[in-house]
Amino acid sequence: MGDVVDQALGQTLRKLRMERGWSQSELALRAQMDRNYLSLIELGRNSPSVRMLVRLCSALDVRTADVLEDMERRVQAQRPF
């Protein structure tokens, strides 16, 4: 299982995909990637390269910085005080 950062990024990307009503296949097609790889990213079991993250963000029509900020909020929320 991936670490907290991988899981947070996967949750963020999944949330954005679902907000658009897209299947994993739809996003994978738009980002020109394999659907199984996208599934592993969303599950937090794999980390996308920077290049792949930029492609995913472009397909989702969101700024990469916004995705990273959301991911950071999720990571901070999971850290013990």
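Okay, so the sequence shown: first residue is 4 according to this note's numbering, each after it adds one. For glycine and all other residues, C-beta sits at the position ideal for the given N, C-alpha and C. Note that the structure is a prediction, hence the values are computed from the model and not measured.
1) Per DSSP, what kind of secondary structure is Met4 in: helix, strand or coil?
2) When we look at the beta-carbon of Asp69 and count the other beta-carbons within 10 Å, is it buried (16 or more) or exposed?
3) Where does Ala80 sit, in a helix, a strand or coil, going by DSSP?
4) Check for me: the alpha helix (DSSP H) holding Met55 runs from which residue to which?
By the coordinates alone:
1) Position 1 of the sequence shown holds residue 4. Interpretation of Met4 is limited by its pLDDT of 44, a score under 50 that renders its predicted location unreliable; the figure taken from the coordinates is listed afterwards. Note: Met4 maps to coil in three-state DSSP.
2) Looking up residue 69 in the sequence shown gives position 66. Counting Cβ neighbours within 10 Å, Asp69 comes out exposed, since fewer than 16 surround it.
3) Numbered from 1 along the sequence shown, position 77 holds the residue referred to as residue 80. Helix.
4) On the sequence shown, position 52 is the one that residue 55 refers to. From DSSP, the alpha helix (DSSP H) with Met55 extends over 53-63.
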